[in-house]
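A.B. asks: Got a structure here, written out as structure tokens. Questions coming.
Protein chains: 2
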Amino acid sequence: MNIAENQHVIFEKGEKAPVDYFTGTAWVKLLVPNDPTLNCQIGNVVFEPGARNNWHTHPGGQILIVTEGVGYYQEKGKPMQEIRKGDVVTIPPDVEHWHGASPDSKFTHIAVNTNTQNGLVVWLERVTDEEYYSFR
Amino acid sequence: MNIAENQHVIFEKGEKAPVDYFTGTAWVKLLVPNDPTLNCQIGNVVFEPGARNNWHTHPGGQILIVTEGVGYYQEKGKPMQEIRKGDVVTIPPDVEHWHGASPDSKFTHIAVNTNTQNGLVVWLERVTDEEYYSFR
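So the protein lines, in turn, are chains A and B. This note's numbering numbers the first residue of the first sequence as 146 and each following residue consecutively. This note's numbering numbers the first residue of the second sequence as 146 and each following residue consecutively.
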């Protein structure tokens, strides 16, 4: 990444996201480790174009704050939604969903995990190409 | 604000911050209204140079994510800390503190209020000019 590209980036990219739970290339920078007093964990996630995470749930819920690019969010049984820089998504506890970049745009969000005393994440099956490319 | 200045801004400025609890000019954009399931409220705060909030506490704690500029954070009885774009501050419940811009820089942070079932904020006295300009 050159300097011109990087100058408005807020956080370092962090570690490569685990291949078992992500399709394509994504990066996770932990901003706040799970805090047993605040009951909160926060990370920044950068998705390269086409990258997305598996279907999953959060026992305590989650909030996504989109800071860059264009991506997708989908809850099981509902249409995919396009989400963009400045959008905020609130995800209730135990709702199955996935998120990631759109095919042609990098996508960055801050992920706020709430009520972490109830658990962080339950990973499920991969989002197939058929599912991912069904956006209309 | 011209387009060149605005192009990397993530959120609209929102409403002017309440004069009773802020010194100088600041703007608050509510991103997530207090959510009784997630026990979380999130806002984006833009401080003009020199602006700061009053001393205050959060009964449920708070996390600040700095997205722009240079500012200050201080807990009662401790030195002022300079905080910058990319810094994250975790504030335990009931710890008296204030935050705001440095005198010469605009300053923007996302404020994540945690455990909001315990309350949001208790406002206290103003941060005096003597306190504010004591940074070394």
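Here a beta-carbon is modelled for each residue, glycine too, at the ideal position from N, C-alpha and C. The structure presented is a predicted model; accordingly, all values stated were derived computationally and were not measured.
Measuring CB to CB, does Tyr218 (chain B) end up less than 8 Å from His201 (chain B)?
C.D. replies: The residue labelled residue 218 (chain B) in the question sits at position 73 within the second sequence. The residue labelled residue 201 (chain B) in the question sits at position 56 within the second sequence. No.
A.B. asks: Which residues, in order along the segment 235 to 260 of chain B, keep a beta-carbon less than 8 Å from a beta-carbon of chain A?
C.D. replies: Thr235, Pro237, Pro238, Ile255, Val257, Thr259, Asn260
A.B. asks: For Thr170 (chain B), which of B:Leu176, B:Lys158, B:Ile228 has the nearest alpha-carbon?
C.D. replies: To locate residue 170 (chain B), count along the second sequence from 1; it is residue 25. Considering only B:Leu176, B:Lys158, B:Ile228, the residue with the shortest C-alpha distance to Thr170 (chain B) is B:Lys158.
A.B. asks: Using three-state DSSP, classify Glu241 (chain B) as helix, strand or coil.
C.D. replies: For this step, residue 241 (chain B) is matched to residue 96 along the second sequence. Note: Glu241 (chain B) maps to coil in three-state DSSP.
A.B. asks: Just to make sure I have the definition right: I need the residues of chain B whose C-beta is within less than 8 Å of the C-beta of Phe156 (chain A). Which are they?
C.D. replies: For the purposes of this step, residue 156 (chain A) is taken as residue 11 along the first sequence, with counting starting at 1. Ordered by position in chain B, the residues that pass the 8 Å Cβ test against Phe156 (chain A) are Gly231.
A.B. asks: Would you please state the rounded distance, in angstroms, between the beta carbons of His244 (chain B) and Asn198 (chain B)? I believe it to be under 8 Å.
C.D. replies: Position 99 of the second sequence, counted from the first residue, corresponds to residue 244 (chain B). Position 53 of the second sequence, counted from the first residue, corresponds to residue 198 (chain B). The C-beta separation of His244 (chain B) from Asn198 (chain B) comes to about 6 Å, placing the pair in contact by the 8 Å criterion.
A.B. asks: Under a three-way DSSP split, which group does Arg273 (chain B) fall into?
C.D. replies: The residue labelled residue 273 (chain B) in the question sits at position 128 within the second sequence. Strictly speaking, residue 273 (chain B) in this sequence is Thr, with Arg absent from that position. Coil, per DSSP.
A.B. asks: Can you give the beta carbon distance from Val257 (chain A) to Val257 (chain B), rounded, assuming they're within the 8 Å contact cut?
C.D. replies: As a first step, residue 257 (chain A) must be located in the first sequence, where it is residue number 112. As a first step, residue 257 (chain B) must be located in the second sequence, where it is residue number 112. Right, their Cβ atoms sit about 6 Å apart.
A.B. asks: With H, G and I counted as helix, E and B as strand and the rest as coil, what does DSSP make of Asn263 (chain A)?
C.D. replies: Taking the first sequence and counting its residues from 1, the one referred to as residue 263 (chain A) is at position 118. It is helical.
A.B. asks: Distance, Cα to Cα, Leu209 (chain A) vs Leu176 (chain B)?
C.D. replies: For this step, residue 209 (chain A) is matched to residue 64 along the first sequence. For this step, residue 176 (chain B) is matched to residue 31 along the second sequence. Those two C-alpha atoms are separated by around 10 Å.
A.B. asks: If you compare alpha carbons, which of B:Val173, B:Thr182, B:Ala196, B:Thr168 is closest to Ser250 (chain B)?
C.D. replies: The residue labelled residue 250 (chain B) in the question sits at position 105 within the second sequence. With distances taken between Cα atoms, Ser250 (chain B) lies closest to B:Ala196.
A.B. asks: Which residues of chain A have a Cβ atom closer than 8 Å to the Cβ of Thr212 (chain B), listed in chain order?
C.D. replies: Here residue 212 (chain B) refers to the residue found at position 67 of the second sequence. What Thr212 (chain B) touches in chain A: Ile155, Thr212.
A.B. asks: Are the C-beta atoms of Lys176 (chain B) and some chain A residue less than 8 Å apart?
C.D. replies: Taking the second sequence and counting its residues from 1, the one referred to as residue 176 (chain B) is at position 31. The sequence given here has Leu at residue 176 (chain B), not Lys. With 8 Å as the cut-off, Leu176 (chain B) counts as an interface residue toward chain A.
A.B. asks: Is the CB of Thr273 (chain A) under 8 Å away from at least one CB in chain B?
C.D. replies: What you label residue 273 (chain A) is simply residue 128 of the first sequence in a count that begins at 1. It does not: the Cβ of Thr273 (chain A) has no partner Cβ on chain B nearer than 8 Å.
A.B. asks: Could you give the DSSP three-state label for Phe156 (chain B): helix, strand or coil?
C.D. replies: Walking along the second sequence from the start, residue 156 (chain B) turns up at place 11. Three-state DSSP puts Phe156 (chain B) in coil, outside helix and strand.
A.B. asks: Could you check which residue in B:His203, B:Arg271, B:Glu276, B:His153 has the C-alpha nearest to that of Asp165 (chain B)?
C.D. replies: By one-based count along the second sequence, residue 165 (chain B) stands at place 20. Selected option, being the one with the closest Cα: B:Arg271.
A.B. asks: Using a Cβ cut-off of 8 Å (strictly closer), state whether Asn263 (chain A) contacts chain E.
C.D. replies: In the structure shown, chain E cannot be found, because the protein chains are A and B.
A.B. asks: Would you say Leu265 (chain B) touches the ligand FAD, meaning its beta carbon is less than 7 Å from a heavy atom?
C.D. replies: Judged by which ligands are present, the structure shown has none, so any question about the ligand FAD falls away.
A.B. asks: CB-CB under 8 Å to Leu269 (chain A), same chain, minus the five flanking residues each way: which ones, in chain order?
C.D. replies: On the first sequence, residue 269 (chain A) is found 124 positions in, with the first residue counted as 1. Taken in chain order, the residues that qualify are Asn199, Trp200, His201, Thr202, Glu241.
A.B. asks: Taking the alpha-carbon of Phe167 (chain A) as reference, which of A:Thr259, A:Thr261, A:Pro194, A:Asn260 has the nearest alpha-carbon?
C.D. replies: As a working mapping, residue 167 (chain A) is identified with position 22 in the first sequence. Between Phe167 (chain A) and the set A:Thr259, A:Thr261, A:Pro194, A:Asn260, the nearest pair of CA atoms involves A:Pro194.
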